[in-house]
Amino acid sequence: MTGHAGDEELPESNTADPWAAHLPGQELVPAYLVSRFAAQYRVIVEVLLEAQDTSLTGLSFDEVAVGVRGYLVERLSAPTADNLRADDAFSLDARLDRLVKWGVLTRWQDPARTGEDFLRRRDRYQLTPAAARLHAFWTQELASEEDAAADLTLAPRAIHDRLQVFATAVSARDYMAAAAEFQQVIGLHHGMAVAARTWQRSLAHALSGGPDPDKQDVLWRTLRAYVGMWGEQVDVHTPRIAALIEELTPKLTESVWRACVRSALAEDAIDDVIDLQAARWTQTWTALTGWFSGAEGQAGRLRRQLRDLVAPWARNMHILMDTGGVVTRRAELLRLARAIERAPDDEVAWRIWDTAVGVFSARHLLLPADAADDNTQSWADGPAAPVTARFREHGQKATVGVRAKKLDYSAGRAAARRTRAATAAARAEAEASLRGRSGTQLAGWAELSEPELDLLVELLGVARESPGQSARVGVTGDGRWRVTLTPADSGSGSAVVPSPRGRLVTVNWYFELDSAR
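Quick note: the sequence shown, position 73, residue 73 per UniProt numbering, numbers continuous.
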């Protein structure tokens with residue numbers, strides 16, 4: 001098998017497989033499992049998959065490098081880990097590029113907001129949905145867990161309520177009640193993590209490359225799922241959860257965690273089991289702290305990422321839609337050009353341009369509205385919030401005027417109907433003609449018309465598909481006609497049937513055509 005240049009890890013044939021033209025063909029996502037560098041690729045994939053439980057927005061290049069080293073140090077000695085990461089044995093750039101090419105990773109860049117951002121590497125990486133499901137299956141993590149995250153409408157509120165009861169139980173040293181509440185928090189955290197990383201994988205994949213209708217549909221469904229499930233609850237309950245976490249963290253010492261775990265396990269549980277469970281509970285608490293606490297909390301970061309999705313979604317929809325018939329804005333554009341030309345400096349000119357064309361990021365507005373005090377009313381059912389003039393922005397084009405007329409396909413449809421009717425009439429006439437020739441030998445037939453010849457060839461093919469050495473019997477696909485072909489007993493062994501398109505030479509069959517109904 002001949003390999004392409006640079007594909008020495010996974011040789012691919014230069015000759016196309018003819019089966020691939022009719023059946024599903026090559027899939028490159030599992031290629032990292034069979035490459036000669038499979039161990040290196042699997043470490044990178046497992047680092048990214050594990051990070052999805054704590055990071056909702058992918059990992060940067062530096063974070064991937066740190067995660068790989070941490071993964072190796074946990075399983076190997078530090079000198080061995082450093083030797084494996086040496087430049088001559090491991091090239092993280094090359095491995096990440098190959099995983100992107102195979103469709104295992106999605107790569108995008110953080111937006112540059114300052115001058116320093118242009119000098120640093122802004123690549124971020126996330127597993128594609130197919131690769132994440134594949135590796136989760138490969139490591140025996142059932143993909144059905146993602147389906148279990150479908151009902152999380154009030155998850156942030158439930159976490160807040162459970163943490164309140166948990167704090168009260170810890171203060172009262174009622175560790176059994178505290179353990180019962182925290183186990184519910186663990187389940188809610190897991191469901192939220194699964195849902196959030198599913199959304200983020202879909203977003204990263206849909207935002208990569210050029211827009212198309214399928215990606216637009218994925219973006220819209222993801223945004224609606226986030227808002228409908230627990231997006232608005234994050235805004236309301238994140239500050240409350242952060243305050244509870246800040247208040248509880250100093251109280252949750254190692255002995256408190258062990259006491260909670262011991263009360264949840266059997267009385268004869270060994271210390272190793274208790275230590276392992278306490279470490280898991282501590283890890284969940286750390287993950288919750290990273291989600292809801294601080295200005296860079298992951299819940300807020302995911303909310304901002306989904307907020308920023310609105311602008312590219314609307315822009316891509318504008319690109320995909322045919323917006324013909326828009327009223328011209330030539331006069332307004334000329335006035336804008338004069339205003340920019342008369343601006344005292346570049347900063348003022350750019351501000352005039354941005355204001356005129358609406359080049360602003362989408363904003364998430366927390367506006368007062370009359371709703372239930374317990375924050376249980378959905379945004380879709382709540383009353384409209386007043387939007388002041390300073391929040392209003394106008395688009396680039398006028399929304400009035402006469403749109404272009406839809407294309408008129410009526411003439412084409414009428415011509416197609418006439419063609420179908422003529423074809424049906426010619427076939428009916430050919431059926432009647434061949435029915436009249438039933439019970440005769442082909443050698444004695446006069447010239448056939450083109451529709452009669454086409455129908456005869458079809459009937460011969462139907463009959464000759466049936467097994468047998470003498471008579472051949474077949475039924476047409478529509479079940480209307482039964483055709484029987486019997487070799488002639490005397491005369492010539494072949495027949496020549498003339499037609500406008502030429503002569504049909506075949507066996508001198510005794511032809512019979514009967515109704516099959």
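All C-beta atoms in this analysis are idealised placements derived from N, C-alpha and C, irrespective of residue type, glycine included.
Is the beta carbon of residue i less than 9 Å from the beta carbon of residue j?
i      : j      : result
LEU448 : PHE511 : no
LEU134 : LEU48  : no
HIS205 : PRO111 : no
VAL457 : VAL475 : no
THR484 : LEU513 : yes
GLY103 : LEU23  : no
VAL497 : THR486 : no
LEU92  : VAL64  : yes
VAL256 : VAL170 : yes
VAL236 : PRO156 : yes
ARG464 : ARG472 : yes
ASP88  : ARG107 : no
ILE186 : THR284 : yes
ARG301 : LEU56  : yes
PHE37  : ARG75  : no
Can you give me the start and stop residues for the beta strand (DSSP E) that residue i sits inside?
i      : result
ASP123 : 123-127
PHE511 : 509-515
LEU485 : 481-487
So what's residue i in DSSP terms, helix, strand or just coil?
i      : result
VAL104 : coil
ARG472 : strand
PRO500 : coil
VAL505 : strand
GLN52  : coil
LEU59  : strand
THR114 : coil
SER77  : coil
SER494 : strand
THR139 : coil
THR355 : helix
THR440 : strand
PRO18  : helix
GLN396 : Legend: pLDDT at GLN396 = 39, less than 50; position of this residue unreliable, value from coordinates given subsequently. Of the three classes helix, strand and coil, the one that applies to GLN396 here is coil, per DSSP.
Who are the Cβ neighbours of residue i in its own chain at under 7 Å, not counting the five residues just before and after it?
i      : result
ASP97  : none
ARG501 : GLU450 and LEU453
ALA81  : ARG69, LEU72 and VAL73
ARG258 : ILE274 and ALA278
To which residues of the same chain is residue i closer than 6 Å at the C-beta, ignoring the five residues directly before and after it?
i           : result
GLU145      : Because the pLDDT at GLU145 is just 42, under 50, the model does not fix this residue reliably, and the value given afterwards should be weighed accordingly. VAL194.
residue 518 : No statement about residue 518 is possible, as the shown extent of the chain runs from 1 to 517 and does not include it.
ARG121      : PHE61
GLY67       : VAL47
GLN52       : ARG197
ALA299      : VAL234, THR238, TRP291 and PHE292
ALA488      : GLN441, ASN508 and TYR510
Output needed for residue i: all residues of its chain with C-beta closer than 8 Å, excluding positions within five of it in sequence on either side, in chain order.
i           : result
GLN183      : ALA264
residue 523 : There is no way to answer for residue 523, as the model of the chain reaches only from 1 to 517.
PHE90       : GLN40 and LEU84
SER438      : PHE511, GLU512, LEU513 and ASP514
GLY297      : THR238, ALA242, GLY290 and TRP291
LEU455      : ARG427, ALA430, GLU431 and LEU434
LEU244      : HIS160, LEU163, GLN164 and ALA167
ALA424      : none
PRO18       : none
VAL43       : VAL68, TYR71 and LEU72
Quick one: give me the first and last residue of the alpha helix (DSSP H) that residue i is part of.
i      : result
GLY25  : No alpha helix (DSSP H) contains GLY25, which DSSP labels as neither H nor E.
VAL462 : 450-464
GLU254 : 254-264
PHE292 : 271-292
VAL165 : 155-171
Let me check you understand the geometry: is the CB of residue i closer than 8 Å to at least one non-hydrogen atom of the ligand ADP?
i     : result
GLN52 : Looking for the ligand ADP in the displayed structure turns up nothing, as the structure carries no ligands at all.
TODO: Say whether the region 169-184 touches the region 212-220, bearing in mind that this needs 3 or more beta-carbon pairs closer than 8 Å, one atom from each stretch.
DONE: no
Open item on the list: For the region 333-341 against the region 264-281, do three or more pairs of beta-carbon atoms, one drawn from each stretch, fall closer than 8 Å, so that the two count as touching?
Closed with: Between the region 333-341 and the region 264-281 there are fewer than three C-beta pairs closer than 8 Å, too few to call the two in contact.
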